[in-house]
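*Asks:* The listed protein sequences correspond, in order, to chains P and B. Quick note: the first sequence uses my numbering, first residue 1, plus one each step. Quick note: the second sequence uses my numbering, first residue 1001, plus one each step.
Number of protein chains: 2
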Amino acid sequence: MTNKKALEQYDVKKYRTPDGYTSDICVFTIIPEKMEAYKPPVMDLKIMLIQRAALDSEGNVNIEANKWAIPGGFVQDDETAFEAAKRELEEETNISGIHIKQYGVYDKPGRDPRGWIISNAHYAIVPDTYLAKRKAQDDAAEVALFSINEVLQLDLAFDHKDIISDAINVISTDLLQTTAAKNFLPKHFTYSELQAVLKTVTDDPAILSDQSFSRKIKSLPFIKEVPGKTTTRTSKRATKLYTFIDMDVIKPIYTARY
Amino acid sequence: MTNKKALEQYDVKKYRTPDGYTSDICVFTIIPEKMEAYKPPVMDLKIMLIQRAALDSEGNVNIEANKWAIPGGFVQDDETAFEAAKRELEEETNISGIHIKQYGVYDKPGRDPRGWIISNAHYAIVPDTYLAKRKAQDDAAEVALFSINEVLQLDLAFDHKDIISDAINVISTDLLQTTAAKNFLPKHFTYSELQAVLKTVTDDPAILSDQSFSRKIKSLPFIKEVPGKTTTRTSKRATKLYTFIDMDVIKPIYTARY
DNA sequence: CAAATAGTGTCTTTGAGACAGTATTGA
DNA sequence: TCAATACTGTCTCAAAGACACTATTTG
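1) Drop a sphere of 10 angstroms on the beta-carbon of B:D1155, count the other beta-carbons inside from all chains shown, and report buried for 16 or more, exposed for fewer.
2) Give the straight-line distance between the Cα atoms of P:K182 and B:Q1102, rounded to the nearest whole angstrom.
3) Kindly provide the ranges of any beta strand (DSSP E) runs that are 3 or more residues long and lie completely inside the segment 1092-1136 of chain B, ordered along the chain.
4) Near P:S57, which residues of its chain fall below 8 Å by C-beta distance, leaving aside the five closest residues on each side in sequence?
5) Between the alpha carbons of B:M1001 and B:Q1076, how many angstroms are there, rounded?
6) Use the C-beta contact count for B:Y1123: other C-beta atoms within 10 angstroms, 16 or more gives buried, fewer gives exposed.
7) Residues of chain B with CB under 7 Å from P:V226, in chain order?
8) Look up B:M1001 in the DSSP assignment and say whether it is helix, strand or coil.
9) For P:A81 and P:A65, which I take to be in contact (beta-carbon distance under 8 Å), what is that distance rounded to the nearest angstrom?
10) Compare the C-alpha of B:T1239 against each of B:I1253, B:H1188, B:A1084, B:V1201 and name the closest.
11) Could you name the residues that DSSP lists as bridge partners for P:L194?
12) Which residue's Cα is closest to the Cα of P:W116: P:T17, P:D162, P:Q153?
13) When you compare the CB positions of B:V1143 and B:I1050, do they come within less than 8 Å of one another, or not?
14) Among the candidates P:G110, P:N94, P:Y258, P:D203, whose CA atom is the shortest distance from the CA of P:P127?
15) DSSP on P:D203, reduced to helix/strand/coil?
16) Taking any Cβ of chain B, which residues in the segment 57-79 of chain P have a Cβ under 8 Å from it, in chain order?
17) Identify each residue in the segment 83-111 of chain P for which the Cβ-Cβ distance to at least one residue of chain B is less than 8 Å, and report them in chain order.
18) Could you tell me which residues DSSP puts in a beta bridge with P:P32?
19) Taking a contact to mean a Cβ-Cβ separation below 8 Å, would you say P:T129 touches P:T190 in this structure?
20) Could you check which residue in B:S1023, B:K1108, B:V1249, B:S1192 has the C-alpha nearest to that of P:D204?
21) Verify the CB distance criterion: does B:S1119 have a CB-CB separation below 8 Å to chain P?
22) Taking C-beta to C-beta, are P:E33 and P:M43 nearer than 8 Å?
23) Measuring only the C-alpha atoms, how far is B:F1074 from B:S1023?
24) Identify, in the order they occur along the chain, each residue of the same chain with its Cβ nearer than 6 Å to the Cβ of P:N120, setting aside the five sequence neighbours on each side.
25) Quick check for students: name the residue ranges of the beta strand (DSSP E) that lie wholly in the segment 140-168 of chain P, counting only runs of 3 or more.
26) Three-state secondary structure (DSSP) at B:F1189?
27) Give me the Cβ distance between B:I1164 and B:C1026, rounded to the nearest whole Å; I'm assuming they're in contact under 8 Å.
28) Grouping DSSP H, G and I as helix and E and B as strand, with all else coil, what is P:S23?
29) Under 8 Å between C-beta atoms, does P:I250 make it to chain B?
30) Use the C-beta contact count for P:E225: other C-beta atoms within 10 angstroms, 16 or more gives buried, fewer gives exposed.
31) Please confirm if P:Q51 has its CB atom under 8 Å from at least one CB of chain B.
32) On the three-state DSSP scale, how would you describe B:V1075?
33) Could you name the residues of chain B that P:S214 contacts, counting a contact when the two beta carbons are closer than 8 Å?
34) Spatial neighbours of P:D174 within its chain, please: C-beta separation below 6 Å, excluding the five flanking residues on both sides.
35) Is B:Y1242 close to chain P? Criterion is C-beta to C-beta, closer than 8 Å.
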């Protein structure tokens, strides 16, 4: 194989190389704003941030100390950034099968004062129950949930304002144009639960209207009714349950109604 | 500022760092399959690849020699990967304002035998006229256009098969769910020209049908008629011209008709 | 005038949206 | 019974899709 000879001659230090490669994760959760019995939920889309410590693990003054930041860390040379994100998130939450999506790279020179550090950004969707548990365990000051309306007002570390802003745009589009909403919902859900998730990112009247949406959900090719099963968690009256069918949905803007 | 003290204490070599950071670009163009006078175009979506040289610039045996590859190169430490992609592409084609979009990162350990090299992948949309010019200039063997149906059968360098495969999926979705098609078209275009672009990535009958599509285009909120202007480049009869209105279009899958 | 492209006229069917009404059940 | 949620009935209007037809121009 000719590659062998080429490798012997290749000088890996010919170019300046990055000083680091990190995997950062915008962790989103939807928490019920008011959770009363027999009430449809009112949801709020939240992002989890950590407050950077004043001192690092070796006792030195930490970079960007005390500011709010996206969780993340350096990628090891035996893993991908996606695997790093998954590993970190599963270690922290103790759950597997979390929905994670890579959505951007942040590599502007000077974005990190420590050097040429490239951040590979992901977003994750985590059920609210796990995050509530985590917040209880840790020091409450270190981890917090912020609503997507208020988070950009915070004093954020590095270029995390840009990273979070992009994450909010991407997840908003994904919730409306893909079946990503299923990751915020139990396997079987009512029309009003799905509606509550979508309401966090849209004002579309066809989604806001109860009657329209409860009719529409029956005709969507990627959602089917769960026959015979009902719940009373959102209403005194038993409510039908639905579930997502696993399929790719691409609806061209050129054939949709406006 | 506390960051100053933190920086003095920070050891940039604490982690193993990547051996390189490259910016790669899948260059797409749509060339008319048959271009006759007074005929609506039949388009074909193509990707431009380069054939890696047998020897590198210093006369050494090149890595992955003779295989087909995506154009790209190492990112310098004073630019972003996006800027690197833009710079390279504009240098090669001598045009500015090319549509470029970052869509993925490739960082699997071992993907490049030279070391830990992270590839930041973009796709670009280039008018066919410029690529035809470039192909004429250079040695014809080094640059070639491949249809998206045949390109994955080639012997491709590194993990470029994955990178190209993802690019094709992303551009297909973007053409249908965003107004990206405008980058393949002149500023003023006929309904059949837009239709020909979309036909390269979809079989939707509402787009394939001439009558349906010529009616539909009038009601799309992001396209408007150019009043008074017509062309005869696709037909003997003068044809109306349309243009894209610059706006974001998000059509939820939950409100579209199926 | 024949052929090819670009439309328009009109019909049927479907669905969206609005409004009103019914169903169910715990407090 | 009342209030709240989850629907269903029915009407109107707009649009999708199909089919036939017209319009325009070059060879």
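Here a beta-carbon is modelled for each residue, glycine too, at the ideal position from N, C-alpha and C.
*Replies:* A quick look at the data gives this:
1) exposed
2) 26 Å
3) 1099-1106, 1117-1125
4) none
5) Its pLDDT being 43, under 50, B:M1001 is placed unreliably in this model, and the value from its coordinates should be taken loosely. B:M1001 and B:Q1076: Cα-Cα distance of roughly 29 Å.
6) buried
7) The contacting residues do not exist; P:V226 stays about 18 Å from chain B at best.
8) Its pLDDT being 43, under 50, B:M1001 is placed unreliably in this model, and the coordinates cannot settle the point.
9) About 25 Å; that fails the 8 Å criterion.
10) B:H1188
11) DSSP output for P:L194 lists no bridge partner at all.
12) P:T17
13) yes
14) P:N94
15) coil
16) N60, V61, N62, I63, E64, A65, F74, V75, Q76, D77, D78, E79
17) Q102, G104, V105, D107, K108, P109
18) P:M43
19) no
20) B:V1249
21) no
22) yes
23) 6 Å
24) S23, A81, V105
25) 143-147
26) strand
27) 6 Å
28) strand
29) yes
30) exposed
31) no
32) coil
33) Going along chain B, no residue has its Cβ under 8 Å from P:S214, so there is no contact; the nearest lies around 12 Å.
34) A180
35) no
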